[in-house]
Ligand code: ADP
Ligand code: MG
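In the numbering used here, the protein residues as written are -15 to 228.
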């Protein structure tokens, strides 16, 4: 049997919205335990690529594999249940529910299953809350939190599921310097524990510091990939992203 050496493999993925070729023939391979990044100007297709990888938009063409199994026809909840967790560019949390309840949505069986299972799920929720710096805010509702803390709730929900692959769409947008450092520190810790991650952020220096491997996109296509310093220096990336 073929050995799965990749966590995720996308082959020639395209997502067109009418005439808009948001993603147009992207192939990527994510190997285990590394922190991957996507750089690209606004509108270059980064979020749409994440939507494709999590089955939230239909593919116009292409093929997706997770841990060696094809998944380009499965439903979003199926791929989430297999171990792909994500956060959104625009925070998506339930406004009427507490921080604890929102995070518990990520930990399956926090409200069902056997007593032992519920206990383990609650422990995952508690640990995710602690790791994202939300301790003490369990009973708060999202509208009582700063924007940065609302973003942390989303990250906590994603890690409470103990995923195999974590996809993060601009997780530090709207955060101050200290909050951003907290989040990049958390992602580095998760990486040290062996979690595979794919991160979208605009801050070039942050991406060079945080990532093992960068993908650069422009107009829905990959224009460079590889070692972060080399990708940032690539002429096509300089021209497209850095405007030089
Ligand atoms: P990025 O995340 O890199 O800023 P997006 O993936 O959000 O880029 O968008 C890529 C392109 O696809 C943009 O031109 C955007 O307007 C378009 N687009 C994204 N989502 C939709 C949609 N649901 N319907 C139509 N066009 C879309
Ligand atoms: Mg985006």
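C-beta atoms are modelled at their ideal positions from N, C-alpha and C, and glycine is treated no differently.
Model, not experiment: these values are computed from the prediction.
Taking only heavy atoms of the ligand MG into account, decide whether any of them is closer than 7 Å to the Cβ of residue i.
i: residue 153; result: yes
i: residue 73; result: yes
Could you check if residue i belongs to the surroundings of the ligand ADP, using beta carbon to heavy atom distance under 7 Å?
i: residue -3; result: no
Checking 8 Å against the spacing of the C-beta atoms, do residue i and residue j come in under that value?
i: residue 112; j: residue 140; result: yes
i: residue 57; j: residue -4; result: no
i: residue 14; j: residue 149; result: yes
i: residue 131; j: residue 90; result: no
i: residue 262; j: residue -9; result: This structure cannot speak to residue 262, because the chain is shown only from -15 to 228.
i: residue 146; j: residue 184; result: no
i: residue 8; j: residue -6; result: no
i: residue 204; j: residue 28; result: yes
i: residue 206; j: residue 200; result: yes
i: residue 23; j: residue 137; result: no
i: residue 218; j: residue 208; result: yes
i: residue 63; j: residue 50; result: yes
i: residue 108; j: residue 144; result: yes
i: residue 79; j: residue 42; result: no
i: residue 179; j: residue 151; result: no
i: residue 60; j: residue 74; result: no
Using 8 Å for Cβ pairs, my map puts residue i next to residue j. What's the rounded Cβ distance?
i: residue 166; j: residue 117; result: 6 Å
i: residue 115; j: residue 170; result: 6 Å
i: residue 121; j: residue 87; result: Not quite, the Cβ-Cβ distance comes to about 10 Å (not below 8 Å), so this is no contact.
i: residue 195; j: residue 19; result: 5 Å
i: residue 212; j: residue 190; result: Actually they are not in contact, since the Cβ atoms of residue 212 and residue 190 sit about 11 Å apart, beyond 8 Å.
i: residue 202; j: residue 224; result: 4 Å
i: residue 77; j: residue 134; result: 6 Å
i: residue 92; j: residue 100; result: Contact flag wrong, Cβ pair sits at about 14 Å.
Item to check | Residues surrounding the ligand ADP [beta-carbon distance to nearest heavy atom under 6 Å] | outcome: 1, 4, 6, 24, 26, 27, 28, 29, 30, 31 and 32
Checklist entry - Unbroken alpha helix (DSSP H) runs of length 4 or more, entirely within the stretch 19 to 103: which are they? => result 30 to 37, 60 to 66 and 83 to 88
Next on the checklist: Suppose only complete runs of 3+ residues qualify. What are the beta strand (DSSP E) ranges in the stretch 154 to 191, listed by chain order?
Outcome noted: 180 to 184
Checklist entry - Which ranges would you report for the alpha helix (DSSP H) in the stretch 107 to 157 if only whole runs of at least 4 residues count? => result 131 to 144
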